[in-house]
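Please read the structure below before turning to the comments.
Number of protein chains: 2
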Amino acid sequence: MTKIIDVDLAKCYRLLNHGPTVLVTSAFEGKQNVMAAAWAMPLDFDPPKMLVVIDKNTYSRHLIDGSGEFILNIPCRAQAAQVLKVGSESGNDGDKFASSQLQPLAAQKMAAPRVAGCIGYLECKVIQETHNQQKYDLFIGEVIAAQADADVYSEGRWHFDGHDEKRTLHYISGGAFFSIGDQFTID
Amino acid sequence: MTKIIDVDLAKCYRLLNHGPTVLVTSAFEGKQNVMAAAWAMPLDFDPPKMLVVIDKNTYSRHLIDGSGEFILNIPCRAQAAQVLKVGSESGNDGDKFASSQLQPLAAQKMAAPRVAGCIGYLECKVIQETHNQQKYDLFIGEVIAAQADADVYSEGRWHFDGHDEKRTLHYISGGAFFSIGDQFTID
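Line order of the protein sequences matches chains A and B.
Quick note: the working numbering has the first sequence finishing at residue 327, numbered continuously throughout.
Quick note: the working numbering has the second sequence finishing at residue 327, numbered continuously throughout.
In structure tokens:
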């Protein structure tokens, strides 16, 4: 049974520091969606802020503009086919949770769902920056809750050895991904 | 002999799409600097734009504010110790090219140097967005030249098999890095 632990907000930037592809979830007026985003990264440590690019044409954009909230879910290698699927379809055409068989889970602090089986979660409130949103499709979110899978995240760091199926995904293009590789330390 | 090839600007986002840590180089009024940044990513495809966070206290910030230019250099596993060194020291305290023994190379379209031995280069002109720069230390750069190492980048994609020392670095914290791992494709 996977154990999901709370992550100290002051260190939650570490969930994204190494550049994984994420799933963005959102909800508004009873609708929900999940999309893939390779363009997400930390912006600040404390209070923690994240950046993500959300195109104007996406259904998620409608939900995030309406709710002022989103969750960055960190998927893993076991979910690669589903990540590609929700990255290729549009929520404008139907429920992507249903088509991908990704399972929504209740979040801690917002109506947007988390995605079951992901290894990390960053629940974010949009910091309204209208110019960035309109001109660049760029959203800043302040993280108000963070969690990670205890199998691969402990003592403030990812540790993937022995858990290859839970390694983070790093999207290339055309259905190709890298999974994250070896960890090493420079003394 | 390493062969550096030009990368099609419309696809240069692929150099950063998988989330590597970068070296940011800059120059102004005869001074130059190199710093490490884990927080850099693509913002747009065409014309290509990149985001990078440059703290107000860095010497690089002074050079970038002065010149309106920076280069995102993509270092590799062979350079990890040097990346950590230039990420730990400040250019306010002396020439980091000298202390790290990283070698500056002339760039294609700007005075800022490239870093020898890196596997990718994105030469960027700052798109002035004063509010983002002042409030969030966030810089948007339009890419005006892009190059990559032909050993590991061809046909618009990274290919690291057989070149472990040229795999991208993905910083964790405390001197620890991941190198990028296996590539796989979902059909």
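All C-beta atoms, glycine included, are put in the ideal place defined by N, C-alpha and C.
Everything numeric in this text was worked out from a predicted model, so none of it was measured.
Contacts with chain A (Cβ-Cβ distance below 8 Å) from the region 177-207 of chain B involve Ala178, Trp179, Ala180, Met181, Pro182, Leu183, Asp184, Lys189, Leu191, Val193, listed in chain order. In this chain, the beta strand (DSSP E) harbouring Asn173 (chain B) covers 171-177. Within chain A, the C-beta atoms nearer than 8 Å to that of Ile312 (chain B) come from Arg154, Asn157, His158, Arg297, Trp298, Gln323, in chain order. Distance from the CA atom of Val192 (chain A) to the CA atom of Ile144 (chain B), rounded to whole angstroms, is 31 Å. Here DSSP, grouped into helix, strand and coil, assigns Asn213 (chain B) to strand. Runs of the alpha helix (DSSP H) lying entirely within the region 188-243 of chain B, each at least 4 residues long, are 199-207, 220-228, 236-240 in chain order.
A direct Cα-to-Cα measurement between Cys258 (chain A) and Met250 (chain B) gives close to 42 Å. A direct Cα-Cα distance of roughly 13 Å separates Pro187 (chain B) from Leu262 (chain B). A contact is defined here as three or more CB-CB pairs under 8 Å, and the region 227-238 of chain A meets this definition with respect to the region 197-205 of chain A. No Cβ of chain A is located within less than 8 Å of the beta carbon of Tyr293 (chain B).
In the DSSP annotation of this structure, Gln287 (chain B) is not part of any alpha helix (DSSP H); the continuous beta strand (DSSP E) holding it starts and ends at 278-289. Here the alpha carbons of Ala178 (chain A) and Arg217 (chain B) stand approximately 22 Å from one another. Between Asp148 (chain B) and the set B:Ala252, B:Gly260, B:Asp277, the nearest pair of CA atoms involves B:Gly260.
Of all C-beta pairs linking the region 148-161 of chain A to the region 301-319 of chain A, three or more are shorter than 8 Å, placing the two stretches in contact. Three or more beta-carbon pairs separated by less than 8 Å are not found between the region 236-254 of chain B and the region 274-283 of chain B, which leaves the two stretches without contact.
Taking a Cβ-Cβ threshold of 9 Å, the residues of chain A close to Gly315 (chain B) are Thr325, Ile326, Asp327, in chain order. Under the three-state reduction of DSSP, Gln323 (chain B) is assigned to strand. The secondary-structure analysis by DSSP pairs Pro160 (chain A) with nothing; it has no beta-bridge partner.
DSSP lists no bridge partner for Lys151 (chain A). Taking 8 Å as the CB threshold, Ile145 (chain A) stays off the interface with chain B.
In terms of Cα proximity to Gln222 (chain A), the closest of A:Gln323, A:Asp322, A:Gly315 is A:Gly315. Secondary structure note for Ala180 (chain A): its beta strand (DSSP E) is the uninterrupted segment 180-184. Within a 10 Å sphere around the beta-carbon of Glu209 (chain B) sit 16 or more other beta-carbons, which makes this residue buried.
Residue pairing for Arg254 (chain B): DSSP places it in a beta bridge opposite B:Leu245.
A straight-line Cα-Cα distance of about 19 Å links Val164 (chain A) and Asp184 (chain A). Among the residues facing chain A, Ser319 (chain B) is included, as its CB has a counterpart in that chain under 8 Å away. Residue environment for Gly206 (chain B): exposed (fewer than 16 other C-beta atoms within 10 angstroms of its C-beta). In this structure, Leu245 (chain A) keeps its C-beta atom at 8 Å or more from the C-beta atom of Val174 (chain A).
One thing to note: Gln323 (chain A) has its Cβ no nearer than 8 Å to the Cβ of Ala285 (chain A). Contact check for Pro253 (chain B) against Ala176 (chain B) fails: the beta carbons are separated by 8 Å or more. Relative to the Cα of Gln274 (chain A), the nearest Cα in the group A:Asp195, A:Phe317, A:Ala290, A:Phe300 belongs to A:Asp195. Ranked by Cα distance from Val266 (chain A), the options A:Glu169, A:Asp146, A:Met190 are led by A:Met190.
Cβ-Cβ distances below 6 Å link Ile320 (chain A) to Arg307, Thr308 in the same chain, with the five nearest sequence neighbours on each side left out; the list follows chain order. C-alpha of Ile326 (chain B) to C-alpha of Val226 (chain A): approximately 13 Å in a straight line.
Leu212 (chain B) is not a Cβ neighbour of Cys152 (chain B), given a cutoff of 8 Å. For Val266 (chain A), the uninterrupted beta strand (DSSP E) segment begins and ends at 260-267.
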